[in-house]
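Each remark here refers to the structure printed beneath this line.
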């Protein structure tokens, strides 16, 4: 039995960027809130921590120019940003294992392959331009595009394997973090539409533009600070009772129960990854549509690798630190040196099947293989970091993967429209269901704002406009 009971207008489950944004918006509108968080910290998939004396961004960290919601929040919280280091040459490793230095967006491939990549990118940009990221299922070709895998569609465009791998990896290994045969063309187009275009998504200078001085977790930390004692940590919600006033069963409302607290409220926002909905017992159960929908969403999987060196040695070679290869274990890597830090940090990513395979190895062997891959980009010095750490979100009980959830084949067209639909007094908000900013902190903030505005509207209507 819970130790104490509180009453609020809205209970928010999950103290990530979405939940904390919603809570602050609701408070601003005059509604009372309680935020229940399962972890012992706020931030969800944002986590800035000090490991062996080095400040590392274990979760999300970058801000791109189109991410207006995040930029506004960062500015409003008084945080400073700095640009990612990108002076010098990027590096690409081709199918023959040869390292090529290059500048600009196009990988140094043969002229024939370059033309194919450019042509298909243009085709994709045209398709993406027709898609509303908030309603991709409404496109006339949505059903067709959701029934062909991203990999299969690319293979209908060209038989140039290097072109296919380079085109595939922006939405595959790099963003949805699933094998390209495991999600649809439509899901891939949504990923691109959420960033404005396919070209934006493949442009590292655009997507990974700026960082926050002191780390991006400051956004949720500062948002939580404003809420004070209304944020309760270490309190996973075990059950959520709800009744819908429109069904004629009284006034409607929710009762959220943790091991220590019971919160009675008029509305609830589930502001955590959708793969965790089944950790809550809903009384009565959610409608069958939601039960089906939630089973067609799953997290991708990527390891974020942090390697800190006594100095950013790659800059001495005239390298920017930006590196790509669809043939390498670490398919992309960047200079991730902290603002004003003398030491140099590289961040690399190992995705989907490669990540699975690595976790079959010992920690020592895993580290060796990953650093070997980084050394193909930066030279042998990459093998000797002073601090080494792997962010493995797959082991996090309250996340279970990274970066976000996406639909299985056919799922987006079939269920996408229901993803954000409120169920009686229960609303849903997180980056996994965003249009613009999908899978990003920007999308989480947008979804938090949206859920809050829907509840404010309902509360005002119930009070005859004077709530």
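Numbering (our numbering), first residue to last: -10 to 456. For every residue, glycine included, the Cβ atom is placed at its ideal position computed from N, Cα and C. Treat the numbers as computed from the prediction; the structure is a model and nothing was measured.
Asked, Found
"DSSP three-state call for residue 303: helix, strand or coil?", "helix"
"Using 7 Å as the threshold, is the C-beta distance between residue 205 and residue 49 below it?", "yes"
"Among the residues of its own chain, which have a CB less than 6 Å from the CB of residue 408, if the five just before and after it don't count?", "422"
"Identify the residues that DSSP records as bridge partners of residue 408: which are they?", "Residue 408 pairs with nothing; no bridge assigned."
"Verify whether the separation of the beta carbon atoms of residue 338 and residue 291 is less than 7 Å.", "yes"
"Quick one: any contact between the stretch 291 to 308 and the stretch 368 to 386, if contact means 3 or more CB pairs under 8 Å?", "yes"
"Starting from residue 200, follow its DSSP beta bridges and name the residues at the other end.", "51, 71"
"In whole angstroms, give me the CA-to-CA distance for residue 179 and residue -7.", "44 Å"
"Using the beta-carbon count (16 or more within 10 Å), is residue 306 buried or exposed?", "exposed"
"Quick one: what does DSSP say residue 298 is sitting in, helix, strand or coil?", "strand"
"Between which two residues does the alpha helix (DSSP H) holding residue 150 run?", "150 to 157"
"Roughly how many whole angstroms lie between the Cα atoms of residue 153 and residue 140?", "8 Å"
"Can you check DSSP and say which residues form a bridge with residue 44?", "39"
"Give the straight-line distance between the Cα atoms of residue 314 and residue 83, rounded to the nearest whole angstrom.", "7 Å"
"With DSSP collapsed to three states, give me the class of residue 422.", "helix"
"From the DSSP output, in three-state form, read off residue 351 for me.", "coil"
"Using only CA atoms, which one of 267, 194, 330, 385 lies nearest to residue 95?", "194"
"Relative to the alpha-carbon of residue 265, which residue among 390, 68, 220, 441 has its alpha-carbon at the smallest distance?", "390"
"Verify whether the separation of the beta carbon atoms of residue 425 and residue 3 is less than 7 Å.", "no"
"Between residue 262 and residue 388, which are expected to be in contact by the criterion C-beta below 8 Å, what is the C-beta distance as a whole number of angstroms?", "6 Å"
"Answer with buried or exposed for residue 99, where buried requires no fewer than 16 other C-beta atoms within 10 angstroms of its C-beta.", "exposed"
"According to DSSP, which residues form a beta bridge with residue 170?", "According to DSSP, residue 170 bridges with nothing at all."
"Can you look up residue 81 in the DSSP assignment and give me helix, strand or coil?", "strand"
"Taking its Cβ as the centre, do 16 or more other Cβ atoms sit within 10 Å of residue 238, making it buried, or is it exposed?", "Here the model assigns residue 238 a pLDDT of 48, short of 50, so the residue's position is not dependable, and the following value carries that caveat. Classification for residue 238: exposed."
"Report yes if the C-beta distance between residue 323 and residue 334 is below 7 Å; otherwise report no.", "no"
"What three-state label does DSSP hand residue 389 in the structure shown?", "coil"
"Using DSSP with H/G/I as helix, E/B as strand and the rest coil, what is residue 436?", "helix"
"Quick check: the stretch 350 to 358 against the stretch 157 to 175, are there 3 or more CB pairs under 8 Å?", "no"
"Going along the chain, which residues of its own chain have a beta-carbon closer than 6 Å to the beta-carbon of residue 428, five neighbours each way excluded?", "392, 393, 420"
"Between the alpha carbons of residue 181 and residue 187, how many angstroms are there, rounded?", "5 Å"
"Per DSSP, what kind of secondary structure is residue 247 in: helix, strand or coil?", "coil"
"With DSSP run on the structure shown, which of helix, strand or coil describes residue 186?", "coil"
"What residue range does the beta strand (DSSP E) around residue 219 cover?", "Taken as a continuous stretch (DSSP letters only), residue 219 belongs to no beta strand (DSSP E), as it is neither H nor E."
"Using the DSSP secondary-structure output, state which residues sit across from residue 381 in a beta bridge.", "292"
"What does residue 102 pair with, by DSSP beta-bridge criteria?", "DSSP output for residue 102 lists no bridge partner at all."
"From the DSSP output, in three-state form, read off residue 133 for me.", "helix"
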